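Trainee: Shown below is the structure under consideration.
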Amino acid sequence: MDSLLRTFADQTINGLVIGNIYAFIAVGLALIFGVGNLINFAHGSIFMVGAYVGWVCVTWWGLPLFTAFLVTTLVCALLGVIIERFALYPLRSAPPIAPLLATIGVSFMIDQAVQIIFTPNPQAFPNPLLAYRFQVGGVTVGAIDLLIAGIGVATAAALYLFLRFTQWGWALRATAQDREAAQQMGVDVVAVNRMTFAIASALGGIAGLLVGMYFNTVYPTMSFQATLKGFAAVVLGGLGNVPGAVLGGLLLGLIESYGVAIFGATYRNLFAFVILIAVLVWRPNGIFTNQRRTAPEPLTGTFIARSRPVHIPAWAIAALTVAALALPFFAPNPYLLQILTNAWLLGMVALSVTLVTGTAGQTSLGQAGFMAIGAYASALLTQRLGWPFELSLLASALVSAVIGVLLVLPAFRLRAVYIAIATLAIGEIVNQVILNWDSLTNGAMGITNIAPPSLFGWQAIRPHEIYWFTLVLLILAALVQHRLVRSPLGRTWRALREDEVAAQAFGIDLNRYKTLVFAVAAFIAGLSGAVTGHMYSYISHETFTNTTSILVLTMVILGGMGNLLGAIVGAVALTALPELFRGLADYRYLIYGLTLLLLIRFRPQGLLGTD
Amino acid sequence: MNTASLARTNGQNAASTNPLLELKDIDTAYGPIQVHFGVNLHVNAGEIVCLLGGNASGKSTTMKIILGLVRPRAGAVRFDGRVINGLTTPQIVRLGIGSVPESRRIFAQMTVRENLLMGAYHRRDRHAVAEDYERMLALFPRLKERLQQRGGTLSGGEQQMLAIGRALMGRPRLICMDEPTMGLSPLYVDRVLALIQQINTQGYTIFMVEQNANLALQIAHRGYVLQNGRIVMEGQADALLNDPEIQDAYLGEGVS
Numbered sequence: 039m040d041s042l043l044r045t046f047a048d049q050t051i052n053g054l055v056i057g058n059i060y061a062f063i064a065v066g067l068a069l070i071f072g073v074g075n076l077i078n079f080a081h082g083s084i085f086m087v088g089a090y091v092g093w094v095c096v097t098w099w100g101l102p103l104f105t106a107f108l109v110t111t112l113v114c115a116l117l118g119v120i121i122e123r124f125a126l127y128p129l130r131s132a133p134p135i136a137p138l139l140a141t142i143g144v145s146f147m148i149d150q151a152v153q154i155i156f157t158p159n160p161q162a163f164p165n166p167l168l169a170y171r172f173q174v175g176g177v178t179v180g181a182i183d184l185l186i187a188g189i190g191v192a193t194a195a196a197l198y199l200f201l202r203f204t205q206w207g208w209a210l211r212a213t214a215q216d217r218e219a220a221q222q223m224g225v226d227v228v229a230v231n232r233m234t235f236a237i238a239s240a241l242g243g244i245a246g247l248l249v250g251m252y253f254n255t256v257y258p259t260m261s262f263q264a265t266l267k268g269f270a271a272v273v274l275g276g277l278g279n280v281p282g283a284v285l286g287g288l289l290l291g292l293i294e295s296y297g298v299a300i301f302g303a304t305y306r307n308l309f310a311f312v313i314l315i316a317v318l319v320w321r322p323n324g325i326f327t328n329q330r331r332t333a334p335e336p337l338t339g340t341f342i343a344r345s346r347p348v349h350i351p352a353w354a355i356a357a358l359t360v361a362a363l364a365l366p367f368f369a370p371n372p373y374l375l376q377i378l379t380n381a382w383l384l385g386m387v388a389l390s391v392t393l394v395t396g397t398a399g400q401t402s403l404g405q406a407g408f409m410a411i412g413a414y415a416s417a418l419l420t421q422r423l424g425w426p427f428e429l430s431l432l433a434s435a436l437v438s439a440v441i442g443v444l445l446v447l448p449a450f451r452l453r454a455v456y457i458a459i460a461t462l463a464i465g466e467i468v469n470q471v472i473l474n475w476d477s478l479t480n481g482a483m484g485i486t487n488i489a490p491p492s493l494f495g496w497q498a499i500r501p502h503e504i505y506w507f508t509l510v511l512l513i514l515a516a517l518v519q520h521r522l523v524r525s526p527l528g529r530t531w532r533a534l535r536e537d538e539v540a541a542q543a544f545g546i547d548l549n550r551y552k553t554l555v556f557a558v559a560a561f562i563a564g565l566s567g568a569v570t571g572h573m574y575s576y577i578s579h580e581t582f583t584n585t586t587s588i589l590v591l592t593m594v595i596l597g598g599m600g601n602l603l604g605a606i607v608g609a610v611a612l613t614a615l616p617e618l619f620r621g622l623a624d625y626r627y628l629i630y631g632l633t634l635l636l637l638i639r640f641r642p643q644g645l646l647g648t649d
Numbered sequence: 089m090n091t092a093s094l095a096r097t098n099g100q101n102a103a104s105t106n107p108l109l110e111l112k113d114i115d116t117a118y119g120p121i122q123v124h125f126g127v128n129l130h131v132n133a134g135e136i137v138c139l140l141g142g143n144a145s146g147k148s149t150t151m152k153i154i155l156g157l158v159r160p161r162a163g164a165v166r167f168d169g170r171v172i173n174g175l176t177t178p179q180i181v182r183l184g185i186g187s188v189p190e191s192r193r194i195f196a197q198m199t200v201r202e203n204l205l206m207g208a209y210h211r212r213d214r215h216a217v218a219e220d221y222e223r224m225l226a227l228f229p230r231l232k233e234r235l236q237q238r239g240g241t242l243s244g245g246e247q248q249m250l251a252i253g254r255a256l257m258g259r260p261r262l263i264c265m266d267e268p269t270m271g272l273s274p275l276y277v278d279r280v281l282a283l284i285q286q287i288n289t290q291g292y293t294i295f296m297v298e299q300n301a302n303l304a305l306q307i308a309h310r311g312y313v314l315q316n317g318r319i320v321m322e323g324q325a326d327a328l329l330n331d332p333e334i335q336d337a338y339l340g341e342g343v344s
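Just so you know, the sequences run in chain order A and B.
This note's numbering puts the first residue of the first sequence at 39, with every later residue one more than the last.
This note's numbering puts the first residue of the second sequence at 89, with every later residue one more than the last.
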């Protein structure tokens with residue numbers, strides 16, 4: 039009993055310390071959302087940069103801790119200002135989805151840049167404070183715990199005083215509450231926006247440094263996890279609510295800490311995302327308010343820019359298709375065929391994203407989750423139950439459609455930016471469940487020796503065979519989707535995208551059509567995932583990540599949202615180009631990020647135009 | 089149009105060769121949709137001028153043009169002789185144009201006190217601001233009772249008072265009001281109109297956009313009628329009030 043109590047106390051301290059760090063991240067996100075109405079996907083990257091800057095200060099330059107904090111704060115604040123100035127400020131009159139996507143591009147670029155400079159490997163962060171630990175009433179407290187708590191309290195107090203009693207603090211609050219009215223009081227909202235980015239980024243950087251010290255390690259991929267945890271904390275406290283973000287962060291830390299104590303460490307990341315979904319569904323304004331209605335959503339519709347699709351005559355499409363089918367005869371280069379096979383598979387996923395996001399207006403950042411479901415379903419059906427590939431392929435796509443719909447179902451009430459966060463969390467949840475459901479999925483080991491695709495005795499093993507198989511699937515998917523989009527059903531989906539309220543007023547049952555669109559999309563993505571699994575013969579919870587989801591969304595934007603041919607062109611371009619220029623392969627995410635950024639800025643309608 | 093019959097100028101108008109605010113040949117467009125077609129109007133120092141018109145006539149856009157929230161495609165906005173279109177909103181505010189925005193736009197999470205002081209955000213003369221603050225408390229006893237309350241918890245009428253007080257805190261030379269009586273109870277409509285008249289006699293120049301022509305013309309000196317982006321009538325308030333065409337088109341029947 040006594041030891042149980044002590045464990046509880048230890049976990050509480052643990053949770054509060056981690057929660058403190060989450061609070062740092064969350065406050066930055068909340069400030070930026072409050073002032074600029076922007077979900078900042080680059081926030082985790084700034085956090086990670088903060089960790090590395092601190093690491094460089096301490097291990098390379100041997101600076102004292104205080105100086106390291108100062109340098110981190112300044113560098114990250116400056117980074118935030120640069121991001122705001124060059125990536126976001128030019129988009130100030132674009133629809134709100136544009137800056138959100140721009141921050142995704144920025145985060146790709148920062149993450150890859152850090153990987154190039156410091157290698158993707160984790161770096162040890164020796165912490166001079168770690169040695170000091172002492173007992174308080176039977177509970178072990180480390181100096182680092184106290185440092186984090188102290189910095190947390192001091193920062194919260196400083197922020198409070200700043201917001202309440204300074205001219206700039208008032209300007210920030212006024213801008214957050216009513217941008218246009220603040221302008222009419224003489225507030226320079228552009229400057230306020232930039233200042234907010236500086237403050238939020240400094241906070242994020244400090245959090246990164248603290249995490250590095252706490253876990254004694256820094257690594258590039260800590261960025262995206264931090265963004266997601268920050269979202270969870272922010273949503274818990276209510277989007278844009280700064281004190282709520284602090285409480286949300288602490289609460290998330292506690293829940294995780296207790297959860298890990300009860301279920302085990304591999305569950306750590308599951309709690310955040312389950313909470314994220316649960317709060318979005320039941321308390322979209324956070325748990326500290328009773329109000330269920332979300333603020334009037336400025337982000338409805340997903341088009342960055344409306345345009346007419348570029349007209350491409352049917353004969354040209356037919357010719358391209360024939361050329362693609364005939365390619366293995368003329369260029370039997372296995373490497374080339376393999377790259378294009380990947381492009382066809384991702385092209386299918388791009389089709390599914392362009393359907394959900396482009397046609398029906400439900401921004402999906404979790405499409406890789408559906409791929410994972412399809413892949414695991416087919417691998418398990420063939421391996422455990424001995425089903426033939428042809429049957430398991432169809433069945434797994436159906437499984438993906440059914441589970442996909444069930445997962446997204448609770449989030450149907452949500453719109454625009456909320457549905458984007460929800461789908462992101464769903465993608466993450468799928469991977470976490472795969473990781474933890476050992477008996478079914480073999481956990482972290484993944485599934486090996488998956489049989490290659492075969493059709494009625496004909497095995498698709500050689501590159502050109504898989505090439506044809508995936509290309510034919512892609513063509514079929516595109517044809518079916520083309521029919522659907524041009525049918526009355528497609529018109530209804532577009533009505534959803536344009537105006538949900540109006541669509542409802544015309545008697546359209548929103549849930550029914552959202553179910554249909556997510557089912558079709560999850561079916562196609564699941565099909566692609568299943569084939570991918572059989573092709574690689576190995577899958578794990580790391581095969582289909584959120585990076586894939588975001589990459590596919592980039593493909594769709596590149597081609598033109600809602601544009602079927604555009605989705606395929608985008609997939610080919612973003613899969614093949616970095617491979618074809620071999621020297622660029624290491625820089626691929628830098629290229630993806632830059633592509634996204636430039637597209638949104640200079641050709642938001644994509645190469646072939648939105649449809 | 090019968091602009092000519094109404095454009096009988098009074099002494100005040102003729103005397104001021106240099107209007108405080110002047111819109112000259114303003115064209116505005118949102119993308120392909122043109123909102124203003126060569127709008128001309130002016131406000132002299134000391135006047136209450138109202139801009140009337142139905143829905144989607146371009147009234148609110150006129151307000152946004154003056155405040156620099158929307159840029160005209162052609163034409164010029166002059167304030168005290170200086171061209172101000174092209175300046176940012178904060179710059180325009182600092183020149184001395186205050187605003188009472190449409191539907192009040194109170195900072196809902198800030199206290200009444202903070203809302204009032206936000207109105208003086210651009211001022212650096214702290215002592216004068218403190219004096220003005222005391223004057224506001226005297227002018228609005230209702231607000232004085234609620235200084236620590238959040239702006240969003242006030243009633244619509246109280247919020248309108250707060251919005252006007254907030255604008256006055258900036259010591260503007262011109263106050264732009266967008267639909268100041270919209271959505272208020274009849275009691276508060278009367279109070280707001282009386283207040284506008286009162287501050288006008290204290291020397292504030294007022295340009296207001298109103299849908300309720302009858303009310304606006306009762307307190308205004310002059311008025312303009314905007315229709316489909318064009319000024320179709322202008323003149324003295326009483327002349328407009330009695331013009332049969334206006335009666336039919338804008339005052340309707342049974343408007344109190």
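A virtual CB, placed ideally from N, CA and C, is assigned to each residue, including glycine.
Since this is a predicted model, take the numbers as computed values, not measurements.
Using the Cα positions of A:I513 and A:R346, report the straight-line distance between them to the nearest angstrom.
Mentor: Straight-line Cα distance between these residues: approximately 23 Å.
Trainee: Report the option in A:G412, A:S587, A:A219, A:H502 whose CA atom is closest to the CA atom of A:A568.
Mentor: Of the candidates A:G412, A:S587, A:A219, A:H502, the one whose C-alpha sits nearest the C-alpha of A:A568 is A:G412.
Trainee: Could you pull out every residue in the same chain whose Cβ sits closer than 7 Å to the Cβ of A:I142, ignoring the five residues on either side in sequence?
Mentor: Excluding positions up to five away in sequence, the list reads F79, I588, L634.
Trainee: Got a sec: is the Cβ-Cβ distance from B:R161 to anything in chain A below 8 Å?
Mentor: Not an interface residue.
Trainee: Does DSSP put B:V165 in a helix, a strand or coil?
Mentor: B:V165 falls in the strand class under three-state DSSP.
Trainee: Select from the region 213-231 of chain A all residues with a C-beta closer than 7 Å to any C-beta belonging to chain B, and list them in chain order.
Mentor: So the list reads Q215, D216, E218, A219, Q221, Q222, M223, G224, V225, D226, given in the order they occur along the chain.
Trainee: Taking the beta carbon of B:L275 as the centre, do at least 16 other beta carbons fall within 10 Å, making it buried, or is it exposed?
Mentor: B:L275 comes out exposed.
Trainee: Can you pull the chain A residues whose beta carbon is under 7 Å from the beta carbon of B:T177, in chain order?
Mentor: The contacting residues are Q221, Q222.
Trainee: How many Å lie between A:L637 and A:G644 at the Cα?
Mentor: If I take the Cα positions, the gap works out to 7 Å.
Trainee: Taking just the CA atoms, how far does A:V280 sit from B:L129?
Mentor: Each residue's alpha carbon lies about 45 Å from the other.
Trainee: Could you tell me which residues DSSP puts in a beta bridge with A:L493?
Mentor: BP columns for A:L493 point to A:W496.
Trainee: What alpha helix (DSSP H) runs, 4 residues minimum, are completely inside the region 515-541 of chain A?
Mentor: If we require 4 residues or more, the alpha helix (DSSP H) runs fully inside the region 515-541 of chain A come out as 526-536.
Trainee: What residue range is occupied by the uninterrupted beta strand (DSSP E) comprising A:Q221?
Mentor: Where A:Q221 is concerned, there is no enclosing beta strand (DSSP E), although the alpha helix (DSSP H) it sits in stretches over 217-222.
Trainee: B:R193 touches chain A at which residues, Cβ-Cβ below 8 Å?
Mentor: Near B:R193 (Cβ distances below 8 Å), the residues of chain A are D216, E218, A219, Q222.
Trainee: Checking the sheet assignment: what are the DSSP bridge partners for A:S575?
Mentor: DSSP output for A:S575 lists no bridge partner at all.
Trainee: Within the continuous beta strand (DSSP E) that includes B:C138, where are the two ends?
Mentor: Run containing B:C138: 136-140, per the beta strand (DSSP E) assignment.
Trainee: Hey, how far is the Cα of B:A196 from the Cα of A:F46?
Mentor: C-alpha separation (whole angstroms): 41 Å.
Trainee: Going by DSSP, what residues sit across from A:Q173 in a beta bridge?
Mentor: The partner list for A:Q173 (beta bridge, DSSP) reads A:T178.
Trainee: Quick test of your reading: A:W531 and A:T397, contact by CB under 8 Å. State the CB separation rounded to the nearest angstrom.
Mentor: Correct: roughly 5 Å between the Cβ atoms.
Trainee: May I ask you to verify whether the region 121-135 of chain A touches the region 198-207 of chain A, counting CB pairs closer than 8 Å and requiring at least 3?
Mentor: No contact exists between the region 121-135 of chain A and the region 198-207 of chain A.
Trainee: Return no unless some Cβ of chain B is closer than 8 Å to the Cβ of A:A136.
Mentor: No, no contact with chain B.
Trainee: Counting only the same chain and skipping the five closest in sequence on each side, list residues whose C-beta sits under 6 Å from that of A:G385.
Mentor: L512, I606, A609, listed in sequence order.
Trainee: Taking Cβ-Cβ distances shorter than 9 Å, what residues in chain A pair up with B:H210?
Mentor: The contacting residues are M223, G224, V225.
Trainee: Using CA coordinates, which residue listed in B:V171, B:L283, B:I114 is at the minimum distance from B:G146?
Mentor: Of the candidates B:V171, B:L283, B:I114, the one whose C-alpha sits nearest the C-alpha of B:G146 is B:I114.
Trainee: Can you look up A:T255 in the DSSP assignment and give me helix, strand or coil?
Mentor: Strand at A:T255.
Trainee: At what residue ranges does the region 71-134 of chain A contain a whole run of the alpha helix (DSSP H), taking only runs of 4 or more?
Mentor: Here the runs fully enclosed are 81-93, 103-121.
Trainee: Let me know the secondary structure DSSP gives B:N132 once reduced to three states.
Mentor: Looking at B:N132 - three-state DSSP - the assignment turns out to be coil, as it is neither helix nor strand.
Trainee: Taking the straight line between their C-alpha atoms, what separation do you get for A:F235 and A:Q153?
Mentor: The alpha-carbon atoms of A:F235 and A:Q153 are separated by roughly 24 Å.
Trainee: Taking C-beta pairs closer than 8 Å, name the residues in chain A that B:P189 reaches, listed in chain order.
Mentor: Going along chain A in sequence order, the residues near B:P189 (Cβ under 8 Å) are E218, A219, Q222.
Trainee: Considering only the beta carbon of each residue, do B:Y312 and B:L139 sit closer than 8 Å?
Mentor: Against a cut-off of 8 Å, the Cβ pair of B:L139 and B:Y312 comes out as a contact.
Trainee: Which whole runs of the alpha helix (DSSP H) in the region 223-291 of chain A are 4 residues long or more, in chain order?
Mentor: Runs found: 227-253, 260-275.
Trainee: Less than 7 Å between C-beta atoms, sequence neighbours within five positions excluded: which residues of the same chain meet that for A:I37?
Mentor: Shown here, chain A extends from 39 to 649; a query on residue 37 of chain A therefore has no answer.
Trainee: With a threshold of 8 Å between beta carbons, is A:A283 in contact with chain B?
Mentor: Output row for A:A283: interface = no.
Trainee: Excluding five sequence neighbours on each side, which residues of the same chain lie with their C-beta closer than 8 Å to the C-beta of A:M483?
Mentor: Cβ neighbours of A:M483 beyond the five flanking positions: S578.
Trainee: Considering only the alpha carbon of each residue, which of A:G291, A:A410, A:A209 lies closest to A:A563?
Mentor: Ranking the options by Cα distance to A:A563, first place goes to A:A410.
Trainee: Alpha carbons only, please: which of B:I284, B:P268, B:R259 is nearest the one belonging to A:G224?
Mentor: It is B:R259.
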